[in-house]
Structure formats: C-alpha cells, structure tokens
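Structure record follows, encoded as structure tokens.
2 protein chains.
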Amino acid sequence: MTPYEALESHFRDLSHLEHVEAILMWDEAAMMPPGGGPGRAQAMSTLAGILHEQETSPEIGDLLEQARGSADSLDAWQRANLDQMWRCWRYATALPRDLVVASQLAAMTCEQTWRRCRPLEDWDTVRPKLEHLLSLKREAGERLGEAEGLSPYEALLDTYEEGLRPDLVARHFADLGEFLPGFLEEVLERQRRHPLLPLQGPFPIDRQRAVGVELISALGFDFDRGRLDISHHPFCGGVPDDTRITTRYREDDFLPALMGMLHETGHAMYQQGLPADWRDQPVGDALGAAVHESQSLLMEMQVCRSRAFLDFAADRIRKGFGVDTADPAWSRDNLLAHHTRVCPGYIRVDADEVTYPLHVILRFDLEQALISGDLAVSDIPDAWDEKMQSLLGLSTAGNLKDGCMQDVHWYAGLFGYFPTYTLGALTAAQLFATAREQVEGLDEAIRQGEFRPLVSWLRTNVHGKGRLRNADRMLNEITGHSLSTEPFKQHLRARYLAD
Amino acid sequence: MTPYEALESHFRDLSHLEHVEAILMWDEAAMMPPGGGPGRAQAMSTLAGILHEQETSPEIGDLLEQARGSADSLDAWQRANLDQMWRCWRYATALPRDLVVASQLAAMTCEQTWRRCRPLEDWDTVRPKLEHLLSLKREAGERLGEAEGLSPYEALLDTYEEGLRPDLVARHFADLGEFLPGFLEEVLERQRRHPLLPLQGPFPIDRQRAVGVELISALGFDFDRGRLDISHHPFCGGVPDDTRITTRYREDDFLPALMGMLHETGHAMYQQGLPADWRDQPVGDALGAAVHESQSLLMEMQVCRSRAFLDFAADRIRKGFGVDTADPAWSRDNLLAHHTRVCPGYIRVDADEVTYPLHVILRFDLEQALISGDLAVSDIPDAWDEKMQSLLGLSTAGNLKDGCMQDVHWYAGLFGYFPTYTLGALTAAQLFATAREQVEGLDEAIRQGEFRPLVSWLRTNVHGKGRLRNADRMLNEITGHSLSTEPFKQHLRARYLAD
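These protein sequence lines are chains A and B, in that order.
Heads up: the first sequence is residues 10 to 508, going by my numbering.
Heads up: the second sequence is residues 10 to 508, going by my numbering.
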C-alpha cells in the first residue's frame with residue numbers, strides 16, 4: 010500500500026464517523042424527544058473527541074508527509090484529495106481535543122436551550138450558555154488562525170468556505186449596501202401599484218407536503234436516497250446516499266414551507282449528485298457553505314420564483330389545494346406576485362431576495378465584533394435593534410423572538426456561517442446566468458417541468474466535481490470570471506423592474 | 010482518581026458510543042431510505058471497530074486488575090458495576106477487531122438483503138449472505154466459548170442473558186413441549202363452542218395510532234423521553250432518556266399493531282425506568298434479553314390481554330374507532346375473546362401465548378444445529394417445514410415468506426436470541442403472580458386504568474435495579490424461587506380453561 014492509499018483508507022474511516030455524526034445531528038433536530046437532549050449532547054461530544062483523535066493520529070501526519078513528497082505520481086483527483094486531507098489535518102491538529110469536546114457539548118447544550126427559550130423569549134437563560142460557547146469558539150478561532158496565519162474570524166470563515174476572506178465579503182457587502190436601499194425603494198414603489206390578491210387558507214399540512222413532494226420530485230430529489238421531514242429550523246443534512254431535508258409548516262400560509270422545501274432540494278441535489286467514485290473521500294465532499302448555498306438559492310430563487318417555473322407549477326399547486334382554478338387569486342400572475350413579493354421584515358429565513366442581504370450584513374457585522382470581543386453577548390439585543398433600524402427601518406426592541414433569538418446559528422456555535430448565504434446568492438445568479446447561455450431552451454424546459462437539462466448542467470459543472478477545485482477556480486472555469494455582484498444585480502433588475 | 014473511578018470514566022465514554030449505535034440502529038430500521046443501506050452498513054462497521062478498540066484498550070485491562078484487587082472498598086452497586094465491566098472486557102477481548110467489523114458489516118448487509126428479499130420470497134439471493142454471516146457468528150461463538158469455557162452456542166446465548174445455559178432452556182422447553190399440545194387441544198375445543206364475532210374494518214392508521222398512544226400513555230410510556238414510529242419488524246430501541254418503539258399497521262385488523270405497541274411499551278417502561286443514578290454505567294443497563302422480554306410480555310400478555318384491562322380499554326378502543334357501542338362484536342367480552350384467541354399459525358410475532366413457545370422451540374432447535382454445523386443454511390427451509398408440521402401441524406413448504414424468512418433475527422446475526430422470548434414469558438408469569446400477591450387491589454386498579462401501583466412495583470423490584478443482581482437472583486429475591494414453568498402453566502389454565 011502506498012502512503013496515499015493508506016491515507017485513503019484512513020479517510021474512509023473518518024468519513025464513516027462523519028456519516029454517523031451527520032445522521033445523529035439530523036435526528037437531534039428532527040426526531041429526538043426533548044428529554045433525550047442532555048444525553049445526546051454528552052454522546053455527541055464523546056464522538057467528537059473520538060473523531061478528533063482519529064483525525065489527528067500521528068500516523069496520518071507521517072503518511073501525509075510521505076504522500077506529499079511523491080504527489081507527482083497522482084492524478085488530478087488524487088492530488089486534490091491529498092490537498093483536502095492536508096487541510097483536514099492542519100485544521101484538526103490546530104485544536105486540542107479538550108476544546109473540541111467542550112465545544113461540541115457547549116454547542117448542543119446551547120442550541121437545545123435556545124430551542125426551549127426562543128418561544129418564551131427567555132434571553133436570560135440562554136445568554137450565559139451563549140457566552141460560554143462564544144468563548145470556546147473564540148479560542149478555536151484564535152488557535153486555527155495562529156496555525157493558518159489568519160485572524161480568528163478569518164479562520165472561522167475559512168472553515169465554512171475555503172479561501173473566503175472577510176475583506177472580500179466586506180467588499181461585496183459594501184457594494185450591495187450601496188445598491189440595495191435605492192433599488193428596494195424602487196421595487197416597493199412599483200409593488201404599491203400592483204396590489205396582491207390574498208391566498209385564502211387554511212392549507213392542511215398533508216396537502217402542503219403532497220404539493221411539495223410532487224414539485225421536489227419533479228426537480229429531481231431522489232426519495233430512494235433521501236427523506237423529507239419537519240424540524241424547528243429547516244436544513245439539509247445526512248450523507249449523499251441518504252440525504253435528509255426538513256421544512257416547517259404553518260396552516261395559514263403554504264409558501265414558507267414550500268419555498269423551504271424547494272430551497273433545501275437545491276442543497277439535496279448537490280449532495281445527492283456528488284461524485285460517486287469519490288464517496289467517503291474528502292475530495293468527494295461538497296465545496297464550502299457558499300457554494301452549497303448557491304445550489305439551494307439557484308433552485309429556490311433563480312428557478313422556482315421565476316415565471317417559467319410557475320407556468321409549470323401553478324396548476325399543480327392549485328390542484329394540490331383543491332382551489333377554484335378560475336379564482337384570480339390563484340392565477341399564475343398572482344402566484345408569481347406572491348413568489349416575488351418584496352417586503353422588509355424581521356425574519357431572515359422568510360425574507361425576499363432583495364432584503365435578504367441586509368439581514369446577512371447585520372449578522373456579519375455583529376459576529377465579527379463578537380469574535381473580536383468588541384461586542385459582548387449581553388449587548389446583542391440592543392446592537393441588533395440598532396442595525397435593524399438602520400438597515401431595514403424596523404425595530405426589534407422588546408421582540409427577541411423575531412430579533413436576535415430568531416436564528417439557530419450562533420446558539421449552535423456557527424460563527425462565520427452567515428456571510429455564505431449572500432455569497433451563495435451572488436454565486437447562484439452568476440451560475441444561472443451562464444447556464445441560461447449554455448443550455449439551449451432552458452427557460453422553455455423549465456416551463457414544461459423538464460428539469461433534466463438544468464440538473465445535468467449542474468451535475469457536470471458543479472455537483473459531480475466535488476472539491477476538485479475551489480470555489481473561485483470553479484466560478485472562473487464555468488463563468489469566465491471570479492465572483493461579482495453584477496449578475497445578481499442584473500437578475501434583480503430583470504425580475505423586479507423590467508416590464 | 011482511583012482505578013475504579015477511572016473505569017467509570019472509560020465506561021461512560023463507551024456508553025456514549027453505544028448511545029450513538031442505538032440511535033443509528035433505530036434509524037436504519039425506522040427511517041433510512043433504501044439507498045442509504047450500503048453506506049450505513051460501512052459506517053456502522055467502522056463504528057463497531059472503534060467501539061471494540063475502546064472496549065479493549067489495554068489501559069482498561071490494567072485498571073480492572075487494580076480495581077478488582079481493592080473491590081472491598083466499593084459499595085454493592087459499584088461492585089456490581091465492576092463485575093459488569095469485567096464481563097464486558099472479557100467478551101470484547103475474546104474477539105479480534107477484524108471479526109467484529111466483518112460481523113457488523115455482514116449482519117447489516119444480510120438484514121438489508123432480507124428486507125428486500127422477503128416480500129419476493131427470494132431465498133437464493135439472501136442465502137449466501139446468511140451463510141457468510143453464520144460462519145462469522147460461529148467463529149465468534151467459538152472464540153467467546155473458548156474464553157469463557159463454554160460451547161459456541163452457550164457463549165452466544167450468554168451474550169443475550171448472562172448465566173442462561175442451553176440445558177436449562179432445554180429442560181423448560183421439554184416441560185412445555187409436554188404440556189402444551191394437550192393443553193392446546195383443550196383450549197381449541199373450548200373455543201369452538203364460543204365463536205368469535207368478527208371486528209369489521211377497515212381501521213385507518215391514524216386512528217390505530219391514536220388509540221395506541223392513548224393506551225400506552227395510560228400505561229406510563231413517557232413521550233417526553235420517547236417516540237413511537239413504524240418499522241418493518243417492531244422493536245424497542247434507543248436509550249433510557251430517548252426510548253424509541255415501533256409498530257406496523259394493517260388496515261384490516263387493528264390488533265397486531267395495538268398489541269405490538271403495548272408489547273414494546275413493556276420494553277420501553279423497563280428502559281425508561283432504569284436507575285438514573287447509574288446512567289452511562291454497565292450496572293445501569295437492563296438485564297439480559299429474557300428479563301427484557303419478561304417486561305414486554307408482562308405488559309402485553311399478563312396485563313393487556315386480561316379482562317381487567319379490557320374493562321378499562323374497551324371503551325377507549327370503541328371511541329377511537331368510532332363504532333356503535335351497542336354492537337355486540339365490540340362488547341368487552343367479544344374484544345376479550347379476540348385478545349385471547351388461540352390459533353396455531355405460521356407467524357411467531359402474531360402467535361397467541363399458548364402456541365408461541367412452539368415457534369420458539371422450533372427456532373431453538375434449528376439454531377443450535379446451525380451453530381454446531383449439523384444443519385446447513387441451504388437445508389433450513391426443509392427443516393423448518395418439518396418442525397412446523399410436527400409442532401404446529403402446519404406446512405410451510407413453498408411458503409418461505411411465512412416460513413424461515415419471517416423473522417429478522419438470524420439475518421441480523423442474532424443467533425441465541427430466540428429462547429429468551431419464552432424464558433421471558435415464564436418470567437413474566439412468575440413476576441406477575443407475585444405482583445398480584447404483593448400489590449393490594451392490583452386487578453381493580455388495572456380495571457380503573459390506574460397503572461401506577463403496578464409500575465411502581467416494577468420500578469422498585471426490576472427496572473430501578475439495573476444489573477445490580479442477575480436474573481436468577483432477582484427472581485429468587487422477588488418471588489422466592491428460581492425460574493419455573495408452573496406460574497406460566499397456572500396462568501394459562503386460569504385464562505383459557507377457567508369458568
């Protein structure tokens with residue numbers, strides 16, 4: 010066995026432990042009864058410790074050194090695989106085991122506490138848990154940063170999207186921060202001239218689910234290798250051959266659950282489409298969070314909120330809810346108006362694509378200050394309110410549930426994740442613009458409910474490539490240039506200000 | 010830290026890995042889409058290898074030696090805990106890691122294959138997988154037996170119920186084999202004189218579930234620390250604070266699903282009632298499979314098929330299915346007759362308590378021959394048919410689905426498990442007879458739907474004791490004597506031949 014082959018075998022075992030972790034994380038969010046929480050947090054932290062032990066076994070270090078010395082004999086996939094192994098090793102060895110175990114325990118305990126406290130707006134109970142978790146994450150950022158020559162926040166961001174730096178994020182966000190407010194006003198002004206007809210509920214949950222299943226199956230979600238369930242916070246988890254998406258339902262409105270399903274299906278299609286030849290190897294994984302979000306947002310925003318998609322879907326939605334097809338509220342155009350409604354609101358996950366980046370900018374600013382120590386946890390509510398007022402003109406004073414307690418991320422220790430949503434939106438717009446150039450008749454195919462041309466293009470260019478090249482090289486190869494805000498802005502103009 | 014304390018810490022980590030394994034096993038049976046099977050089998054076998062590595066770490070061996078040398082300073086619980094740790098260590102170190110990993114992979118692969126093949130009666134596809142699995146299990150039995158001074162089958166049986174020996178099983182089974190045929194004829198003769206009124210379906214699944222949830226909640230199943238789902242083969246899994254039971258529904262008959270839920274609730278109450286002070290330690294686990302089955306059968310057979318229980322439950326069942334309460338088919342007596350219907354059939358899990366031991370005797374005989382090598386896998390179908398004819402007067406020739414392909418056990422590698430069902434039935438009868446003597450007004454409480462006196466007696470005597478003493482000592486302490494067939498026979502006579 011060559012050193013490289015020995016590494017493949019090691020990393021296969023590691024990926025099995027990650028498989029175990031992924032299914033248990035899904036279970037914790039979608040299935041576990043509340044009483045199971047404390048024991049689960051203990052079990053998962055022990056597992057994290059064992060995974061870390063395996064990742065940092067000195068044998069891997071030796072093998073990496075040998076394999077990197079003779080990398081010339083490897084093909085491109087193997088070399089990329091070796092690079093990813095090297096990265097895993099560096100990140101794992103930068104952290105002591107105790108910190109990994111303590112972080113996992115703190116993250117799960119804090120998230121479980123948040124889940125209980127959010128409906129009660131009980132900030133005082135969750136606050137100390139978040140403080141403890143933040144201190145551990147800050148320490149992790151410091152140690153990773155030291156090892157990689159990055160600042161703590163840079164290092165955390167890099168764990169979610171390799172090579173992504175806060176200054177690039179800040180540059181794009183400044184651009185959007187300049188563009189969006191004026192654009193938003195124009196859109197709102199236009200919308201005032203075209204009032205929406207309300208869609209009358211209630212919408213029984215089993216019908217919402219059935220409509221969702223029909224549409225996501227049409228997109229290509231493979232139920233033989235996946236599931237759809239309910240969770241507090243929608244997500245896509247599991248592993249490529251067992252991909253689990255979740256949504257959440259409310260009976261008075263079907264759009265949040267449906268758009269949630271379509272969004273998670275974008276993630277799922279990416280995961281299910283990863284290169285089968287590289288299962289269980291680091292190079293067979295998805296690229297970082299920004300590219301993952303680009304796949305969900307390409308599906309949700311670019312495809313499923315388009316007129317072409319509604320030409321296909323409107324009739325299925327009407328049938329699914331058994332409504333009068335002649336009712337003008339259920340016309341394609343009124344449904345499209347609902348799908349593309351722009352309205353500044355409190356909740357990020359319910360936000361339209363125009364105001365969404367403003368929610369992200371808020372979180373990006375605050376989490377950098379949290380990691381640097383410039384902002385204390387106890388000051389989050391006020392800082393949140395202030396930012397909401399300046400960015401979206403809304404106050405969250407006295408409304409923690411829809412303010413700083415709305416998102417699971419920080420309570421689960423995911424500092425550095427938020428920016429990837431908006432980077433994903435930019436990437437999605439850039440990729441989809443290219444897809445429309447390269448795939449002949451793409452809009453017409455979507456109108457016919459024929460998604461294979463799009464999926465096949467994504468499989469070839471994105472999904473099937475795993476981590477063969479990083480996000481920037483991928484974008485350059487496919488679209489001819491690095492990430493830019495232009496395609497996103499063009500998309501917004503075309504969708505919200507044209508005709 | 011004393012050596013004993015260091016061991017507690019080690020075994021806490023081991024129990025966390027077992028927690029992980031338990032939830033994933035449940036998931037595999039109740040949630041996993043079929044396409045996830047091969048990857049899951051790989052992941053679980055890697056996990057089994059890591060668990061084995063941790064169980065056999067030389068450090069544990071050293072600590073055990075030291076702690077056993079100074080066991081005098083420990084209290085009774087700690088000493089029992091140390092004994093259990095010692096047993097874990099002996100059993101784990103008797104097996105090489107490769108065999109553990111290969112067995113887990115073979116068991117999951119074979120079970121997944123069985124699941125696919127059973128409806129198709131595709132014996133030829135599953136047979137070679139079973140042969141491979143059997144050869145690994147035989148090797149495990151040999152190695153365990155060598156280490157413990159037992160025969161291979163003895164050793165396998167001992168893994169499911171510590172101290173249980175095949176010759177004791179054989180003695181009890183010979184007794185039952187003598188008693189049951191004549192008894193069965195008498196019961197069948199009596200039943201012919203009291204024809205059943207059929208219960209007219211269909212019974213929608215959501216209603217079956219609602220009735221079940223109402224009844225198992227009344228028994229004391231704690232949904233804050235548990236779930237109820239659907240699986241191919243009903244079981245109780247998970248961990249004490251997250252106990253997961255499953256059932257399966259058919260629309261033409263509600264009794265199999267309902268009795269399945271009540272049965273699994275008996276297991277679940279045991280698991281949820283294990284001593285909280287000893288969570289994550291071997292002494293805090295349940296005793297072996299026979300005692301576990303005694304708890305499910307005590308609940309299902311002794312309690313829930315009794316007249317007293319139906320005095321409480323009949324009305325809830327009628328309301329749950331919205332039937333005419335004056336309909337004589339739905340009278341308490343006719344429902345009771347359904348609950349206690351005796352009828353030789355093909356399927357073990359659907360069998361009444363009179364014929365059930367005959368199904369177990371068949372499997373006990375065949376699996377001993379399989380492990381000893383006297384019976385080849387390819388000869389199972391014929392041997393099964395022959396035994397069914399002699400024991401139950403039914404032929405399974407050409408009916409593999411309801412013959413040797415009906416049970417998951419062998420296909421999951423569980424050789425040595427079957428006898429514990431009937432040992433459990435005997436134990437249940439013996440325990441319940443004592444409970445009725447010791448708990449004043451027990452029948453009347455059950456009639457009122459008041460299960461706390463019974464549960465509290467079980468908590469005190471069985472559940473809360475964990476593995477403080479073995480099954481035989483437990484039975485002697487509670488009932489004054491070792492396991493006997495007499496209470497079971499008395500129970501059968503009282504239920505089926507009295508009045």
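Backbone N, C-alpha and C define an ideal beta-carbon position, used for all residues, glycine too.
Please check if any C-beta of chain B sits within less than 8 Å of the C-beta of residue i.
| i | result |
| --- | --- |
| A/Gln113 | no |
| A/Phe244 | no |
| A/Ile225 | no |
| A/Pro42 | yes |
| A/Leu33 | yes |
| A/Thr55 | yes |
| A/His28 | yes |
| A/Gly45 | yes |
| A/Gln4 | Given a span of 10 to 508 for chain A in the structure shown, any question on residue 4 of chain A remains unanswerable. |
So is residue i buried or exposed if we call it buried at 16+ other beta carbons inside 10 Å?
| i | result |
| --- | --- |
| B/Glu446 | exposed |
| B/Arg202 | exposed |
| B/Met10 | exposed |
| A/Cys313 | buried |
| B/Gly246 | buried |
| A/Ile32 | buried |
| B/Ile356 | exposed |
| A/Cys413 | buried |
| A/Pro390 | buried |
| A/Gly432 | Sequence inspection shows Leu at residue 432 of chain A; the Gly mentioned does not correspond to that position. That one is buried. |
| A/Ser1 | Residue 1 of chain A is absent from the structure shown; chain A starts at 10 and stops at 508. |
| B/Gly450 | exposed |
| A/Lys328 | exposed |
| B/Leu506 | exposed |
So which residues of chain C does residue i contact, with C-beta pairs closer than 7 Å?
| i | result |
| --- | --- |
| B/Val248 | The structure shown contains no chain C; its protein chains are A and B. |
Assuming residue i contacts residue j (C-beta within less than 8 Å), just tell me the rounded distance between them.
| i | j | result |
| --- | --- | --- |
| B/Gly363 | B/Phe192 | Per the sequence presented here, residue 363 of chain B reads as Val, with Gly not at that position. With 8 Å as the limit, B/Val363 and B/Phe192 qualify as a contact, their Cβ atoms being about 7 Å apart. |
| A/Ile455 | A/Phe318 | 6 Å |
Taking 7 Å as the cut-off, is the CB of residue i close to at least one heavy atom of the ligand SAH?
| i | result |
| --- | --- |
| B/Asn343 | This structure does not include the ligand SAH; it has no bound ligands of any sort. |
Using a Cβ-Cβ distance under 8 Å, would residue i count as near chain A?
| i | result |
| --- | --- |
| B/Phe230 | no |
| B/Ile69 | no |
| B/Leu108 | no |
| B/Gln217 | no |
| B/His61 | no |
| B/Asp251 | yes |
| B/His203 | no |
| B/His25 | yes |
| B/Gly293 | no |
| B/Gln439 | no |
| B/Val324 | At residue 324 of chain B the sequence reads Asp, which differs from the Val that was named. By this cut-off, B/Asp324 is not an interface position. |
| B/Arg236 | yes |
| B/Gln51 | yes |
| B/Asp22 | yes |
| B/Asp233 | yes |
| B/Asp333 | no |
| Contact between the region 177 to 194 of chain A and the region 217 to 228 of chain A: three or more CB pairs below 8 Å? | no
| field | Touch test, the region 306 to 314 of chain A against the region 431 to 444 of chain A, Cβ-Cβ under 8 Å, three pairs minimum | value | yes
| message | For the structure I just gave you, are there three or more beta carbon pairs, one from the region 67 to 86 of chain B and one from the region 124 to 141 of chain B, closer than 8 Å? | response | no
| task | Output the residue ranges of the beta strand (DSSP E) runs that lie fully inside the region 240 to 300 of chain B and measure 3 residues or longer, sorted by chain position. | result | 245 to 248, 251 to 256
| query | So does the region 196 to 216 of chain A actually touch the region 247 to 264 of chain A, counting three or more Cβ pairs closer than 8 Å? | reply | yes
| message | Just to confirm the assignment: which complete alpha helix (DSSP H) runs, minimum length 4, are found wholly within the region 123 to 180 of chain B? | response | Runs found: 132 to 157, 161 to 169.
| message | At 4 residues or longer, what runs of the alpha helix (DSSP H) sit wholly inside the region 41 to 128 of chain B? | response | 46 to 64, 67 to 78, 85 to 102
| message | Measuring CB atoms only, is the region 79 to 86 of chain A touching the region 145 to 152 of chain A, in the sense that at least three cross pairs come out at less than 8 Å? | response | With the cut-off at 8 Å, the region 79 to 86 of chain A and the region 145 to 152 of chain A do not touch.
| said: At 3 residues or longer, what runs of the beta strand (DSSP E) sit wholly inside the region 397 to 444 of chain A? | reply: none
| Is the region 363 to 376 of chain A in contact with the region 387 to 404 of chain A, if contact means three or more CB pairs nearer than 8 Å? | yes
| message | Whether or not the region 270 to 277 of chain B and the region 402 to 416 of chain B are in contact is what I'm after, with contact meaning three or more pairs of Cβ atoms, one per stretch, closer than 8 Å; do they touch? | response | no
| request: Inspect the CB distances between the region 280 to 300 of chain A and the region 88 to 95 of chain A and report whether three or more fall short of 8 Å. | output: yes
| said: I want to know whether the region 338 to 349 of chain B touches the region 483 to 494 of chain B - three or more CB-CB distances under 8 Å. | reply: Too few Cβ pairs lie closer than 8 Å, so no.
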